[in-house]
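Engineer:
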Amino acid sequence: MLSLTQIIVALSCTLGYAAAFSGDITYYEPGLGSCGETSSDSDRVVALAPAQFASDPQACGKTIQISMNNKTTTAKVVDKCPSCADGSIDVSSTAFQDLAPLTIGRAQIEWDFAS
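Throughout the sequence shown, residue numbering follows the working numbering, covering 1255 to 1369 in sequence.
Structure (C-alpha cells):
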C-alpha cells in the first residue's frame, strides 16, 4: 500500500511544478533594501512587487525559486520593487545571469516561495 507521502510525490512528478506567480524579471544594483539588509550584486537577492511584498509580512529573508526556459535559481527576499507589476521581480545581476544573459534585460519568469 502506498503512503500519502508517496502519492503526493508521484502526483508532483506527474503534474510538474506549478508556479504561484508569473511576471517579468529585471535586474538592479542591490544596496540597503526595504528589509533593512545591505546586499551586494554578488548576492542572489530579489525585490518583490509591492503586492507580493505587502501580502506576506514575513517575506523578508524568505527564499524564492525562479524558473525560466528550463533553468532555475533561487534568491533571498531583501527588498521591495516599487515599479514592478504584480508578479514581477527585480533581482541582482548574479541571480539574473543564472537564467539568462544580462543583455536581454527583461524576460518572462515563474516563481514561488521555496519550501
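The C-beta atom is built at its ideal place from N, Cα and C for all residues, glycine as well. The structure displayed is predicted, hence computed values, not measured ones.
Helix, strand or coil: which one does DSSP assign to Ser-1337?
Structural biologist: In this structure, Ser-1337 counts as coil in the three-state DSSP scheme.
Engineer: Could you check where the beta strand (DSSP E) with Asp-1278 kicks off and where it finishes?
Structural biologist: Here the beta strand (DSSP E) through Asp-1278 covers 1275 to 1282.
Engineer: Given a cut-off of 8 angstroms, decide if Ala-1301 and Cys-1335 are closer than it, judged by their beta-carbon atoms.
Structural biologist: Result yes, Cβ atoms of Cys-1335 and Ala-1301 sit closer than 8 angstroms.
Engineer: Can you tell me whether Ile-1358 is buried or exposed, with buried defined as 16 or more other CB within 10 angstroms of its CB?
Structural biologist: Counting Cβ neighbours within 10 Å, Ile-1358 comes out exposed, since fewer than 16 surround it.
Engineer: Of the choices Pro-1284, Leu-1353, Tyr-1282 and Leu-1286, whose alpha-carbon is the least far from that of Ser-1321?
Structural biologist: Of the candidates Pro-1284, Leu-1353, Tyr-1282 and Leu-1286, the one whose C-alpha sits nearest the C-alpha of Ser-1321 is Leu-1353.
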